[in-house]
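For the sequence shown, the positions run 179 to 425 when the working numbering is used. All residues carry an ideal CB built from backbone N, CA and C; glycine is no exception.
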Amino acid sequence: MSIDTATGKEAPAEISSERVKDIFSSIAKKYERFNAVSSFGAYKVWLAGMMKQAPIGPDDDVLDIAGGTGDVTFSVARAKHPAHIQCTDLVPEMLDVARMHRDEGAAEGVPVDFDVVDAQDIPYADASYDAVTMAYGIRNMPDRPQALAEMFRVLKPGGALVCLEFSTPPNHVWRALYTFYLKHLIPFWGGLITGDRDGFVYLARSIRAFPDQRGLTALMEDAGFSDVTWKNYTGGIAAVHVAKKPE
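In structure tokens, the structure reads:
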């Protein structure tokens, strides 16, 4: 079932897919600055935590889904030095920024290739990757079960999906403060930095409509993953899920 990612309600997939393309193609060159400012630098802690949890070795072939401007791809390259990383995203303009970073040496010698990919229809063979990484991606996909099924399909048996995503703080006071921040400050920062306030109204709404840690775990298990664990960061504002494909 496809949904409107801004509300979580059933809707044609095209509504969310076209919205995501429009928003991220227009802000691609300013996206990294927004991440740094709006999270007060916490996104670096989240990425570091993701790398600590990621079971990726030096011989692995890694698929980065919703790779955007390359934050996760180049974090994996620096922390894990795998054999190869395939960085993919729905929005070509985001990948253009990632290519620029690679050309500047961000991959530290790790081979990185780029491809425009809709994660709900991944154009790669079954069991072709040792690990799949994804940050802030699944939330923007209108058919999340299909996307997770595709990630499961392209993983080798024993491989892992490592997913960093905004989540739900379990403490009700912290959750209330975070809800206020999402509603008022995310659109403010987004408008100030990128000029696209409406795009960040969507971003905030999509975060509020997204399942919590247990909800995302259930989606992963429904797709066939096992041994799903998660670790909260910044009080549960973000969480890193690790899900295994059975041997």
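Taking the C-alpha atoms as reference points, what is the distance between residue i and residue j?
i: L241; j: R277; result: 16 Å
i: T183; j: N318; result: 6 Å
i: H350; j: Y356; result: 10 Å
i: F292; j: F202; result: 17 Å
i: L394; j: F344; result: 11 Å
i: Q264; j: E271; result: 16 Å
i: H262; j: L273; result: 17 Å
i: I300; j: Q324; result: 10 Å
i: A303; j: K422; result: 18 Å
i: F330; j: G402; result: 7 Å
i: G287; j: K230; result: 21 Å
i: E399; j: W408; result: 13 Å
i: P335; j: A305; result: 7 Å
i: T210; j: R375; result: Note on residue identity: the sequence assigns Glu, not Thr, to residue 210. Roughly 16 Å separates the two Cα atoms.
i: H362; j: G373; result: 15 Å
Report yes if the CB atom of residue i is closer than 9 Å to the CB atom of residue j, and no otherwise.
i: R322; j: L397; result: yes
i: S404; j: P424; result: yes
i: P348; j: A309; result: no
i: L227; j: K258; result: What sits at residue 227 in the sequence shown is Gly, not Leu. Contact flag unset, no.
i: G246; j: V269; result: yes
i: P233; j: V420; result: yes
i: L333; j: Y307; result: yes
i: P365; j: S194; result: no
i: A244; j: I316; result: yes
i: V406; j: L342; result: no
i: K199; j: V275; result: no
Determine the extent of the beta strand (DSSP E) in which residue i is found, giving its start and end residues.
i: Q231; result: Element bounds for Q231: not the beta strand (DSSP E) but the alpha helix (DSSP H), A220 to Q231.
i: M292; result: It should be pointed out that residue 292 corresponds to Phe in this sequence rather than to Met. Counting along the chain, the beta strand (DSSP E) containing F292 begins and ends at V290 to V294.
Would you mind working out which of the options sits nearest residue i, comparing C-alpha positions?
i: S253; options: V269, G283, D293 and A303; result: G283
i: T251; options: V290, G337 and P348; result: V290
i: Q298; options: G245, A313, V332 and E328; result: E328
i: M312; options: L339, P348 and F330; result: L339
i: T185; options: A421, I385 and V223; result: I385
i: A387; options: M179, K222 and K187; result: K187
i: L225; options: K207, Y209, D249 and A354; result: D249
i: D237; options: V406, A255, P320 and A354; result: A255
i: R353; options: I316, D296, K199 and T412; result: T412
i: I415; options: A220, K207, D200 and H362; result: A220
i: V294; options: I316, T266 and K207; result: T266
i: P190; options: V406, D200, Q391 and M179; result: M179
i: E196; options: V418, L342, D296 and Y359; result: D296
i: Q391; options: A285, T346 and D281; result: T346
Report the partner residues of residue i according to the DSSP bridge assignment.
i: N410; result: A417
i: H262; result: D239
i: M312; result: I243 and C341
i: E196; result: Partner(s): none; E196 has no beta bridge.
i: Y307; result: L333
i: D267; result: V294
i: D182; result: K187
i: S404; result: K422
Counting along the chain, where does the alpha helix (DSSP H) carrying residue i start and finish?
i: Y356; result: H350 to F358
i: P323; result: R322 to V332
i: A276; result: P270 to D281
i: R317; result: Per DSSP, R317 belongs to no alpha helix (DSSP H) and is neither H nor E.
i: Q391; result: Q391 to D400
Comparing the CB of residue i with every heavy atom of the ligand MG, is any distance shorter than 8 Å?
i: E192; result: Ligands in the displayed structure: none, and consequently the ligand MG is not present.
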